[in-house]
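*Asks:*
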Amino acid sequence: MVLAILVVLLLLLSRLRLGVLAGYGPEGTQVKLRVGPFLFQVFPGKKKKRKKKPKKKQKAAPKEKPKPDVKALLSLARELLPVGLEAMEGFRRRLRIDRLSLRLIWGEEDPADAAIHYGYAWGAVEALLSFLEANFVLVRREVALDLDYQRDKPEVAFALGLSLTLGQILAVSLPAAVRALKILHHNRRNRPAPPPKSAGAPAQ
Numbered sequence: 004m005v006l007a008i009l010v011v012l013l014l015l016l017s018r019l020r021l022g023v024l025a026g027y028g029p030e031g032t033q034v035k036l037r038v039g040p041f042l043f044q045v046f047p048g049k050k051k052k053r054k055k056k057p058k059k060k061q062k063a064a065p066k067e068k069p070k071p072d073v074k075a076l077l078s079l080a081r082e083l084l085p086v087g088l089e090a091m092e093g094f095r096r097r098l099r100i101d102r103l104s105l106r107l108i109w110g111e112e113d114p115a116d117a118a119i120h121y122g123y124a125w126g127a128v129e130a131l132l133s134f135l136e137a138n139f140v141l142v143r144r145e146v147a148l149d150l151d152y153q154r155d156k157p158e159v160a161f162a163l164g165l166s167l168t169l170g171q172i173l174a175v176s177l178p179a180a181v182r183a184l185k186i187l188h189h190n191r192r193n194r195p196a197p198p199p200k201s202a203g204a205p206a207q
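This is how it looks when you write it as structure tokens:
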């Protein structure tokens, strides 16, 4: 019975959707984190009262650290790069666009330029929508472009919501983490030992 409950809980957790909702408009930029059906605002955060920091005591000069081996780091980066790219592709295939909202009111001082650039904007938006629909699951989209000859500059507002389930995140990140750890372990084992420090000259 307990095992069955644990299995059900794990299945429910694996379907928990995590994501981010970012937006920009006349009220400014906002970023919110999504955990299931709940949204938590991250930016702009609450303003905190600044406390006066006590004067720090002067610390002794830090000891010189050994310089990193640039060749070894580049070699390690080349080994880890395919793992990172494969993980990114896995996330891309599973990523869902929950909401895409775009509201653009185009206006310029010159009405002729406004009409031309409005047409360019429509073409760019249509190309973007075609790309997103071909590469991602697009659940909800709200796109509106208007031309207003009374305006002297454009006004734009947009919102973008992205999410993955917890199960999808683990399905991609855990194998990638295991591969990366194996590479790091192999690299550490085959790392050449540092040369011994030369002893001082014997006293005469």
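Each residue of the sequence shown is one higher than the one before, starting from 4 at the first, in the numbering used here.
Don't be surprised by glycine CBs; every beta carbon is placed ideally from N, CA and C.
#1: Under DSSP, the alpha helix (DSSP H) around Leu79 begins and ends at which residues?
#2: Taking buried to mean at least 16 other C-beta atoms within 10 Å of its own C-beta, is Gln207 buried or exposed?
#3: Considering only C-alpha positions, which residue in the set Glu112, Ala180, Leu165, Met4 is nearest to Arg95?
#4: For the stretch 160-176 against the stretch 81-99, do three or more pairs of beta-carbon atoms, one drawn from each stretch, fall closer than 8 Å, so that the two count as touching?
#5: Is the Cβ-Cβ distance between Leu24 and Val34 less than 9 Å?
#6: Take Pro136 as the anchor and find which of Tyr152, Ile100, Thr168 has the nearest alpha-carbon.
#7: Could you check whether Ala183 and Lys29 sit closer than 9 Å to each other, using their CB atoms as the reference points?
#8: Looking at the strands, I want to know which residues DSSP matches up with Ser104.
#9: How many angstroms separate the CA atom of Leu16 from the CA atom of Lys185?
#10: Find out if the Cβ-Cβ distance for the pair Arg102, Ala162 is shorter than 9 Å.
#11: What is the DSSP secondary structure of Gln207, counted as helix, strand or coil?
#12: Run the CB neighbour count on Ala115, radius 10 Å, all protein chains shown included, and call it buried at 16 or more, exposed below.
#13: What residue range is occupied by the uninterrupted alpha helix (DSSP H) comprising Lys35?
#14: What do you get for His188, buried or exposed, if any count of 16 or more other CB atoms within 10 angstroms of its CB means buried?
*Replies:* This is what the structure holds:
#1: Taking the first residue of the sequence shown as position 1, residue 79 is located at position 76. It spans 73-97 - the alpha helix (DSSP H) in which Leu79 sits, taken as one unbroken run.
#2: Here residue 207 refers to the residue found at position 204 when the sequence shown is read from its first residue. In this prediction, Gln207 scores a pLDDT of 49, lower than 50, which makes its location untrustworthy; the coordinate-derived value is nonetheless stated afterwards. Classification for Gln207: exposed.
#3: Indexing the sequence shown from 1 puts residue 95 at position 92. Checking every option, the nearest Cα to that of Arg95 belongs to Leu165.
#4: Taking 8 Å as the limit for Cβ pairs, the verdict is that the stretch 81-99 does touch the stretch 160-176.
#5: Taking the first residue of the sequence shown as 1, we reach residue 24 at position 21. Taking the first residue of the sequence shown as 1, we reach residue 34 at position 31. Going by C-beta atoms, Leu24 is nearer than 9 Å to Val34.
#6: The residue given as residue 136 occupies position 133 in the sequence shown. The question names Pro, but residue 136 is Glu in the sequence shown. Measuring from the Cα of Glu136, the nearest candidate turns out to be Ile100.
#7: Position 26 of the sequence shown holds residue 29. Position 180 of the sequence shown holds residue 183. The residue asked about is misnamed: residue 29 is Pro in this sequence, not Lys. Annotated as distal: Pro29 and Ala183, with beta-carbon spacing of 9 Å or more.
#8: Reading the sequence shown from its first residue, position 101 is the one you call residue 104. Answer by DSSP bridge pairing, in chain order: Glu145, Ala162.
#9: Your numbering for residue 16 matches position 13 in the sequence shown. Your numbering for residue 185 matches position 182 in the sequence shown. Per the coordinates, the alpha-carbon of Leu16 lies some 28 Å from the alpha-carbon of Lys185.
#10: If you number the sequence shown from 1, residue 102 lands on position 99. If you number the sequence shown from 1, residue 162 lands on position 159. Between Arg102 and Ala162, the C-beta gap is smaller than 9 Å, which places the two residues in contact.
#11: Translated into the one-based positions of the sequence shown, residue 207 becomes position 204. Unreliable placement is indicated for Gln207, whose pLDDT of 49 sits below 50; the coordinate value is still reported in the next sentence. Gln207 sits in coil when the DSSP states are folded into three classes, being neither helix nor strand.
#12: Position 112 of the sequence shown, counted from the start, is the residue given in the question as residue 115. Ala115 should be labelled exposed.
#13: For the purposes of this step, residue 35 is taken as the residue at position 32 of the sequence shown. Counting along the chain, Lys35 sits inside no alpha helix (DSSP H); it lies in the beta strand (DSSP E) bounded by residues 31-38.
#14: Position 185 of the sequence shown holds residue 188. With fewer than 16 other CB atoms across the displayed protein chains lying within 10 angstroms of its CB, His188 is exposed.
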